[in-house]
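If you're matching positions, the sequence shown starts at 142 in my numbering and goes up one per residue.
A short write-up of the structure that comes next.
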Amino acid sequence: MKPLEKLLGLSDEGSDLDRLERIEDMLDAGEVEQAIKELEKVRKDENVYVGAEMIIRSLPKLELEQGEVVGYLKALIPIVNGLSSWRYRAILMADIAMAFYRAGDDFNGDLALKTAINLAYASGEDVLVEILRELIRNGLLEKGAYAFSLVRDRKRIDFLLSQLVEFFYLSGDYEKARKALNAIEDPFHKAVALYRLALHEAPKNRLKALAFLEGAIENAERIENRHARLELLIKLNDLKAELTGKGVSLVDILRSSPPPEDGSNADEEHED
Numbered sequence: 142m143k144p145l146e147k148l149l150g151l152s153d154e155g156s157d158l159d160r161l162e163r164i165e166d167m168l169d170a171g172e173v174e175q176a177i178k179e180l181e182k183v184r185k186d187e188n189v190y191v192g193a194e195m196i197i198r199s200l201p202k203l204e205l206e207q208g209e210v211v212g213y214l215k216a217l218i219p220i221v222n223g224l225s226s227w228r229y230r231a232i233l234m235a236d237i238a239m240a241f242y243r244a245g246d247d248f249n250g251d252l253a254l255k256t257a258i259n260l261a262y263a264s265g266e267d268v269l270v271e272i273l274r275e276l277i278r279n280g281l282l283e284k285g286a287y288a289f290s291l292v293r294d295r296k297r298i299d300f301l302l303s304q305l306v307e308f309f310y311l312s313g314d315y316e317k318a319r320k321a322l323n324a325i326e327d328p329f330h331k332a333v334a335l336y337r338l339a340l341h342e343a344p345k346n347r348l349k350a351l352a353f354l355e356g357a358i359e360n361a362e363r364i365e366n367r368h369a370r371l372e373l374l375i376k377l378n379d380l381k382a383e384l385t386g387k388g389v390s391l392v393d394i395l396r397s398s399p400p401p402e403d404g405s406n407a408d409e410e411h412e413d
């Protein structure tokens with residue numbers, strides 16, 4: 142094969158895109174084993190990543206026995222380990238781990254997750270945080286205890302704590318939700334956590350939703366980033382208007398939220 146063809150993921154059998162299309166068709170037909178064999182022919186890392194994600198996400202939709210799911214996941218691991226990108230490997234191994242857990246195979250799930258965490262730690266905290274967020278969303282909090290200890294950036298810790306607030310609250314563990322909320326230092330993430338609780342309570346308990354919302358607004362007004370502060374305050378006051386039937390003008394929001402005196406990190410961005 143010529144170097145240029147190899148670089149573009151081309152061969153006599155077609156491009157990586159052609160193979161991904163065949164994988165999609167095979168999965169639609171329930172032919173997982175054939176899809177994995179086709180994935181082995183894909184060359185570029187980003188295309189292998191897409192194909193592997195397609196296969197992993199298809200498994201819960203198919204009527205498969207537990208043993209079949211475990212077998213397919215094991216077959217994917219050598220392909221994933223062959224990737225040169227640690228980032229792609231970390232994300233895929235984490236997804237494989239969660240698929241193992243859903244299939245009831247904690248042993249292989251733990252092995253895959255340990256590999257994912259080690260790769261993520263080497264790739265950067267953003268990958269590690271993304272894995273932890275997915276663990277929280279999937280109710281696998283205890284599996285991420287070690288990974289939590291590896292996160293050092295304070296704002297990323299606050300982001301994960303905001304995810305925990307919602308998780309504990311929806312699980313009915315209000316005391317843990319309160320402790321997680323109190324542990325958040327960054328006013329942006331604390332405001333977002335309270336906003337999410339207000340959204341959950343809005344259809345059921347208007348007064349409780351308003352109480353959460355007032356706390357969110359109080360924290361939002363302390364955000365130093367002027368753009369993030371204004372955007373979040375608009376969103377919060379929109380919800381308050383829905384709950385109270387009283388609208389708030391943008392001028393009123395601006396008047397009630399002057400720029401903080403200390404603008405040392407006024408241009409700092411937040412992620413949600």
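Note that CB positions come from ideal geometry on N, CA and C, so glycine has one too.
Under three-state DSSP, which class holds residue i?
i    : result
E283 : helix
K381 : helix
D159 : helix
S290 : coil
I364 : coil
G356 : helix
I218 : helix
E342 : helix
K185 : coil
G245 : coil
G386 : coil
G223 : coil
L371 : helix
Going by beta-carbon coordinates alone, are residue i and residue j separated by less than 7 Å?
i    : j    : result
I232 : A253 : no
A361 : L380 : no
V333 : S303 : yes
F241 : L214 : yes
D246 : V211 : yes
S264 : R293 : no
K185 : R160 : no
I218 : G192 : no
Y262 : L224 : no
So, for residue i: in the same chain, excluding its five sequence neighbours on each side, which residues have a beta-carbon less than 6 Å away from its beta-carbon?
i    : result
A235 : A257 and I272
D327 : K296 and D299
A357 : A332, L335, Y336 and L377
D314 : none
E307 : R337
G285 : L273 and L276
Go through its chain and collect everything with a Cβ distance to residue i's Cβ below 8 Å, but skip five positions before and after it.
i    : result
D267 : R297
M167 : V173, Q175, A176 and E179
E383 : A343
I325 : D299, L302, S303, V306, K331 and A334
T385 : L351
R319 : none
E194 : L233 and D236
Using a Cβ-Cβ cut-off of 7 Å (strictly less than) and excluding sequence neighbours within five positions of residue i, which residues of its own chain qualify?
i    : result
A339 : A350, F353, L354, A357 and L380
K317 : F309
L158 : none
G155 : none
G404 : In this prediction, G404 has a pLDDT of 44, which is less than 50 and means its spatial position is unreliable; nothing more can be read from the coordinates.
* Does the segment 164-172 come within contact of the segment 193-208, defined as at least 3 CB pairs closer than 8 Å? -> Cβ pair count under 8 Å is three or more, so yes.
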